[in-house]
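Residue numbers (the numbering used here): 58 to 287. Backbone N, C-alpha and C fix where the C-beta goes; we use that ideal spot for every residue, glycine too. Inspection log for the structure reproduced underneath, given as structure tokens.
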């Protein structure tokens, strides 16, 4: 997908603890809103230590613009307290020295941390070959037949990750997200523009659905014109 979407380069955007907090803030909201909430949180408290020492009420106020602040603030407070109890601070860089599966298991012991959040922390912050499966990757992978129709998102992590060479995990993740947003959309996928359409088992079904939808719209238009004329 590189020629289609351009090169992608990995760089660590946050520390692992910051990435964890950002990922909590990103749930059920847009990238724009979660980014604003995270930036305001760090501006308000300065460091992850400052966030951990703040009250849940003050955290809630700082992240309000990101949505669901009342639910996310106590989660942030709780998981940071758990990390500090475990290691005496917030430096999670030691995870990079662990085998991948051990690092995942360590993170998933934390309250509210599932396979997606663990993979995001390891991949985006530490550059480890962990495959985060978001809604776009899950949808595209099912349509391409990489995972079965009954495979849930949690299991999808275990299936997709071994399919990709470790050095390709990050670009694969980024390319599939872009493809899901721009071409293989949840509604009205652009199958005619898909560079993987030649081997997509779902393409014929999607194209038939698009034709049927177009016919329905065509039938509705004359009826609408008649109502205007009357």
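Self-check item: Rounded separation between residue 142 and residue 74 - CA only
Solution: Rounded to whole angstroms, the gap between the alpha carbons of residue 142 and residue 74 is 14 Å.
Quiz item: Is the stretch 167-178 in contact with the stretch 65-79, if contact means three or more CB pairs nearer than 8 Å?
Solution: Touching, per the Cβ criterion.
Practice problem: Within 10 angstroms of the Cβ of residue 272, are there 16 or more other Cβ atoms? Answer buried if so, exposed if not. | Solution: Exposed is the call here.
Quiz item: Should residue 120 and residue 89 be called a contact, given that it needs their Cβ atoms to be closer than 8 Å?
Solution: Cβ distance not < 8 Å, so residue 120 and residue 89 don't count as in contact.
Practice problem: Take residue 93 and list the residues in its own chain whose beta-carbon comes closer than 6 Å to its own, dropping the five residues that flank it on each side. | Solution: Excluding sequence neighbours, residue 93 sits near 122.
Quiz item: Going straight from the alpha carbon of residue 183 to that of residue 266, what length do you get?
Solution: Each residue's alpha carbon lies about 42 Å from the other.
Self-check item: Span of the alpha helix (DSSP H), counted from its first residue to its last, around residue 132
Solution: Counting along the chain, the alpha helix (DSSP H) containing residue 132 begins and ends at 126-144.
Practice problem: Starting from residue 163, follow the alpha helix (DSSP H) in both directions and report where the run begins and ends. | Solution: Taken as a continuous stretch (DSSP letters only), the alpha helix (DSSP H) holding residue 163 covers 157-165.
Exercise. Taking only the alpha-carbon atoms, compute the straight-line gap between residue 242 and residue 104 and give it to the nearest angstrom.
Key: Residue 242 and residue 104 have their C-alpha atoms roughly 38 Å apart.
Exercise. Please name the residue, chosen from 199, 253, 188 and 250, that lies closest to residue 222 on a Cα-to-Cα basis.
Key: Taking only the C-alpha atoms, the option nearest residue 222 is 188.
Quiz item: Taking the C-alpha atoms as reference points, what is the distance between residue 277 and residue 91?
Solution: Counting only the Cα atoms, residue 91 lies some 41 Å from residue 277.
Quiz item: residue 200: buried (16+ other C-beta within 10 angstroms of its C-beta) or exposed?
Solution: Per the 10 Å Cβ criterion, buried.
Exercise. Can you tell me which of the three DSSP states residue 252 falls into?
Key: Three-state DSSP puts residue 252 in coil, outside helix and strand.
Quiz item: Which whole-angstrom value is the C-beta distance of residue 81 and residue 133, which I expect to be below 8 Å?
Solution: Contact holds; Cβ gap of about 6 Å.
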